[in-house]
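2 protein chains.
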Amino acid sequence: MTKKYNFCAGPAMLPEAVMQQAQSEFCNWQGSGISVMEVSHRSPEYIELAKQAEADLRELLAVPDNYKVLFCQGGGRGQFAAVPLNLLGDKLDADYILTGQWSKSAVVEAKKHARIQETDIMTTTADGKITIKPCDEWPVNSGAAYLHYCPNETIEGIEIFDVPSTGIVPLVADMSSTILSRPLDISKFGLIYAGAQKNIGPSGLAIVIVRDDLVGKARKAIPSIFDYEIQANADSMYNTPPTYSWYLAGLVFKWLLAQGGIAEVEKKNIAKAELLYNAIDASSFYSNNVDKSVRSRMNIPFTLADDSLNDTFLSESKAAGLLTLKGHKLVGGMRASIYNAMPIEGVQALVDFMAAFEKKYA
Amino acid sequence: MTKKYNFCAGPAMLPEAVMQQAQSEFCNWQGSGISVMEVSHRSPEYIELAKQAEADLRELLAVPDNYKVLFCQGGGRGQFAAVPLNLLGDKLDADYILTGQWSKSAVVEAKKHARIQETDIMTTTADGKITIKPCDEWPVNSGAAYLHYCPNETIEGIEIFDVPSTGIVPLVADMSSTILSRPLDISKFGLIYAGAQKNIGPSGLAIVIVRDDLVGKARKAIPSIFDYEIQANADSMYNTPPTYSWYLAGLVFKWLLAQGGIAEVEKKNIAKAELLYNAIDASSFYSNNVDKSVRSRMNIPFTLADDSLNDTFLSESKAAGLLTLKGHKLVGGMRASIYNAMPIEGVQALVDFMAAFEKKYA
């Protein structure tokens, strides 16, 4: 069979080594004779797995001791609700920075609970590229309970590498599609969260990293499973956690550590992104309309000069083993999501295919 | 290796045939060259899987057309919050029937949103056994938005086989540990829900079956992922669903259909439960303190005449391949959870072990 490379934005491909290990021990975890998904989350063996996964994630991201790490259900959209329900406390206001579809969706949910000051910072450069205003120009309302932004917009292919300074206002970030792709200074954030299905593991798990002083202020009507204090006090096992997803996330964390940690992973991600962007920029057949300063390393949208070739591009790339390259319906064209699990050989295969396709049809 | 039988209450054992199929296609689903957990939930292939799983569940439970079937995140405890947030509408009151720990936990969550009339119907028989008052003696408040009960209390080992008549008040049931174990007349219920990790699949998935007229009344502040109307309109894909759990649930549904459906499955469950209860009742060394009329077929707690032998029983049973027999800490003793996936050979192995243990230590 042709080697398959899967460019899906999420649920995304997982590391090949992780998948092979998971398959080999699928029905017999650690010699127990049963699957890890059949093990009680209250058993010493599973609790050891869970604690190790948290410890490895803390090591990877250098999470300071005054932050809780929570393994939750409900995905990123669950956190769109959980964040205001947990962080507003007795305040009524929160700031949301708009950089694309995901940050806009977060606002819709937050408006159920708070008065939102939303600021659209998307703009265009002199040559018509999409960009965003620098972080130091973002407005901060000093009375806000927090400021929320999305450092990587999966659909538009925008990534924000600077971290805004928000003074005493806690900074909250939806890191779903950038977490673990590059080093982070967690201490600059009050809270970060991420749906797992891009850079962590399968869908159905979300990670929350939250500073201690922001825990314990939840509104009374919050569903208990979303209450950070309840989950922190129960080691994320107030309700039965998604145990198999947690296990796979733990394998992914070990795989990242084995590569030398996030600084090494970032180097690979930079090389992968440069390979693809350089191929796009060197061609007049392909284009990407995001300014270089805010181009995502994880999600790379591009268009063909002739839209009528889109279906041909998709069918021929699929036949070549390059899967799920169709762009999001809101922006059209193509999109290659190249998270940590995508090896550079996959990006090279895509670049080679794109060159051959251009030669054939341009 | 000794054959292992896993009596965990949840996450519970899954059918051996399902696990073997899942392992064999773990990295190459339907010849795609990738795992089903790496497939986009928006792809035609995954949508076909999702629709087939729903269709199979509808067939198994004979779900009427005027009911929605939803695949959700957040487990049973998530639904403890979702039910009042969706069903109260402009009412303030709901009725909760108490039959054990799980129905009590549901009340704690519901009180965040409604005035709860809670009625404890647990009682004891003349000979000191735990029982519950008959359904026709349960009080129904005609002004309540719904009446909630739990037909199978996993911890106490109580099962309620009759379905109460609540007139115009919608009946809501937490079926987490009894769903798919016996036929149900869904039309008697307004809503049933179940965490998957007992009789459906791995943890991290919950199933909701809700009558059409109860959808669309959610409170404005409900987290959108819990809003039945939003999820129904999005075919349970408003947010990225737990795709791998959904896939495994689908395999379990196919496995149940291949056995001839739920009526056939019930016969096996009756035989399994009788085998174990008969062994307990025939012995003066083991005992179960639940009245026969309300004994659970799924979760069978029992105690040893001499508590000081508990640790020995647990270590020797584990060595014999009989796993996770420790009772819940709230009731102590032992518990054998024998959901659909447990073959009668597993129950026979437990009964044989219990007889040998009694002979050795009594």
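Line by line, the protein sequences give chains A and B. Start counting the first sequence at 14; every next residue gets the next number (the numbering used here). Start counting the second sequence at 14; every next residue gets the next number (the numbering used here). Here a beta-carbon is modelled for each residue, glycine too, at the ideal position from N, C-alpha and C.
Q: Run the CB neighbour count on Leu-6/A, radius 10 Å, all protein chains shown included, and call it buried at 16 or more, exposed below.
A: Any property of residue 6/A remains undetermined from this structure, which presents chain A solely from 14 to 375.
Q) Closer than 8 Å, CB to CB, is Gly-229/B near chain C or not? A) Of the protein chains in this structure, namely A and B, none is chain C.
Q. Straight-line CA distance for Gly-214/A to Ala-262/B?
A. 19 Å
Q.
Please tell me whether Ser-190/A and Asn-312/A are closer than 8 Å, where the distance is taken between their beta carbons.
A. yes
Q | Between the CA atoms of Ser-45/B and Gly-170/A - distance to the nearest angstrom | A | 27 Å
Q | Three CB pairs or more closer than 8 Å across the segment 171-188 of chain B and the segment 144-163 of chain B | A | yes
Q.
Using 8 Å as the cut-off, can you tell me whether the segment 100-116 of chain A makes contact with the segment 278-297 of chain A, which would need three or more C-beta pairs spanning the two stretches below that distance?
A. no
Q: Take Pro-77/B and list the residues in its own chain whose beta-carbon comes closer than 7 Å to its own, dropping the five residues that flank it on each side.
A: Ile-199 and Ser-200
Q) Taking a cut of 8 Å between CB atoms, which residues from the segment 63-87 of chain A lie near chain B? A) Gln-86 and Gly-87
(Q) If we define contact as Cβ-Cβ less than 8 Å, is Thr-253/A a contact residue for chain B? (A) yes
Q.
So Ser-216/B contacts chain A; which residues on that side make the cut at Cβ distance below 8 Å?
A. Met-50, His-54, Thr-253, Pro-254, Pro-255, Thr-256 and Tyr-257
Q: Hey, could you find the ends of the alpha helix (DSSP H) Gly-91/B is sitting in?
A: 88-100
Q: State the DSSP-derived secondary structure class of Leu-204/B, mapped to helix, strand or coil.
A: strand
Q: Could you confirm whether any beta carbon from chain A is found closer than 8 Å to the beta carbon of Ser-237/B?
A: yes
**Q.** Residues bridged to Leu-83/A [DSSP beta-bridge criterion]
**A.** Val-221/A
Q) Given Asn-41/A, which residues of its chain have a CB within under 8 Å of its CB, disregarding the five upstream and five downstream residues? A) Ile-47 and Ser-48
Q: Excluding the 5 residues preceding and the 5 following Met-367/B in the sequence, name in chain order all residues of the same chain whose CB lies nearer than 7 Å to its CB.
A: Ala-292 and Tyr-299
Q.
Checking the sheet assignment: what are the DSSP bridge partners for Asp-106/B?
A. Arg-128/B
Q) So, does the CB of Arg-128/A fall closer than 8 Å to a CB anywhere in chain B? A) no
Q: For Thr-144/A, write down the residues that DSSP places opposite it in a beta bridge.
A: Thr-136/A
Q: Select from the segment 36-50 of chain A all residues with a C-beta closer than 7 Å to any C-beta belonging to chain B, and list them in chain order.
A: Gln-36, Phe-39, Cys-40, Gly-46, Ile-47, Ser-48 and Met-50
Q | Per-residue contacts from Gln-33/A into chain B (C-beta, under 8 Å) | A | Cys-40
Q. Going along chain A in order, which residues have a C-beta closer than 7 Å to the C-beta of Glu-122/B?
A. Ser-237
(Q) Beta-carbon within less than 7 Å of Ala-245/B's beta-carbon, same chain only, minus the 5 sequence neighbours each way: which residues are those? (A) Lys-81, Leu-83 and Val-228
Q: Could you tell me if Leu-336/A is buried or exposed, where buried requires 16 or more neighbouring beta carbons within 10 angstroms of its beta carbon?
A: buried
Q | Ser-116/B, enclosing alpha helix (DSSP H) - first and last residue | A | 114-123
Q) Which residues in chain B sit within 7 Å of Met-355/A, going by Cβ to Cβ distance? A) Within 7 Å Cβ-Cβ: nothing; Met-355/A doesn't reach chain B, min ~11 Å.
Q: May I have the straight-line CA-CA distance separating Glu-38/A from His-54/B, to the nearest angstrom?
A: 26 Å
Q | Option nearest Leu-105/A by Cα separation, candidates Gln-130/A, Ala-139/A, Gly-88/A and Asp-140/A | A | Gln-130/A
Q. Where does Tyr-352/A sit, in a helix, a strand or coil, going by DSSP?
A. coil
Q: Closer than 8 Å by C-beta to Thr-256/A: which residues in its own chain qualify, once you throw out the five before and the five after it? Chain order, please.
A: Val-49, Met-50, Val-52, His-54 and Tyr-59
Q: Please say whether Asp-69/B and Phe-370/B have beta carbons closer to each other than 8 Å?
A: no
Q: Have a look at Ala-95/A, Arg-195/A and Ala-234/A and flag the residue whose alpha-carbon is nearest the alpha-carbon of Glu-122/A.
A: Ala-95/A
(Q) Quick check on the DSSP output: the beta strand (DSSP E) that includes Phe-39/B runs from which residue to which? (A) Phe-39/B -> no beta strand (DSSP E), and no H or E assigned at all.
Q) Can you give the Cα-Cα distance for Ala-332/A and His-161/A, rounded to whole angstroms? A) 41 Å
Q: Within the same chain, show all residues whose beta-carbon is closer than 7 Å to that of Lys-146/B, passing over the 5 residues directly before and after it, in chain order.
A: Ile-134 and Thr-136
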